[in-house]
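J.: For reference, the structure I am asking about is given below.
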Amino acid sequence: MSGLKFDDSLPGVISSRTHSIIDYIHAGTNFIAAALFYKRGNARAGHAAAALGGSVLMNALMTDYDYGIFRVWSFKTHGILDYSVAAASAAFPKLLDIEDTPESGYFYAQGAGETIIAGISDYDDDSGSQRRKSRKFSSFRNRRAA
């Protein structure tokens with residue numbers, strides 16, 4: 132799956148294309164949550180949600196999958212970073228001393244949701260990879276020239 136042994140037992144039912152769509156929705160959700168948290172007066176929760184949104188967005192933009200833009204790293208690397216986002220999300224309430232606020236539940240739910248999505252994503256699916264396609268094409272071109 133993502134290259135991490137503990138998620139190999141879960142079914143990889145989410146394709147890279149579906150995962151890429153989920154990522155952009157996830158980033159947007161965090162930005163909306165940040166705005167709501169700022170409006171409620173909880174700047175710490177707002178900063179944390181904005182940071183999560185930014186990290187999810189950056190991971191999506193940099194991944195070599197269907198809706199990735201810069202395509203710097205593989206979907207498998209993306210998966211490892213997904214688990215990092217999940218851990219950070221679940222840790223934010225304690226780290227930022229907002230455990231006793233209503234916003235803390237949002238971060239715990241984000242951490243759990245991210246873990247579930249990461250666990251059931253097929254990080255071996257490289258069907259949207261442009262690097263994979265260019266490798267096949269360049270291999271064909273090299274054989275043809277010989």
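Here the sequence shown is numbered in the working numbering, starting from 132 and rising by one per residue. All residues carry an ideal CB built from backbone N, CA and C; glycine is no exception.
#1: Quick one: what's got a C-beta closer than 7 Å to Glu245's C-beta in the same chain, skipping five residues either side?
#2: What residues match up with Thr194 in a beta bridge as DSSP calls it?
#3: Quick check on the burial criterion: 16 or more other C-beta atoms within 10 angstroms. Buried or exposed for Gly259?
#4: Quick one: residues in its chain with C-beta nearer than 6 Å to the C-beta of His150, no 5 flanking neighbours on either side, listed in chain order?
#5: Please work out which residues of its chain come closer than 7 Å, Cβ to Cβ, to Asp197, disregarding the five sequence neighbours upstream and downstream, and give them in chain order.
#6: Our contact map puts Gly199 next to Leu192 with C-beta atoms below 8 Å; I'd like the distance itself, whole angstroms only.
#7: Reducing DSSP to helix, strand and coil, say where Ala165 ends up.
#8: Name the DSSP bridge partner or partners of Ser252?
#9: Assign Pro224 to one of two classes, buried (16 or more other C-beta atoms within 10 Å of its C-beta) or exposed (fewer than that).
#10: Please go through the same chain and pick out, in chain order, the residues whose beta-carbon is closer than 8 Å to the beta-carbon of Leu145, but skip the five residues on each side of it.
T.: Quick look at the numbers:
#1: Asp213, Val216, Ala217, Ser220
#2: Trp204
#3: buried
#4: Ser252
#5: Ser147, Arg148, Ser151, Gly259
#6: 6 Å
#7: helix
#8: Ile145
#9: buried
#10: Residue identity check: residue 145 is Ile in the sequence provided, not Leu. Taken in chain order, the residues that qualify are Ile153, Ile248, Ile251, Ser252, Asp253.
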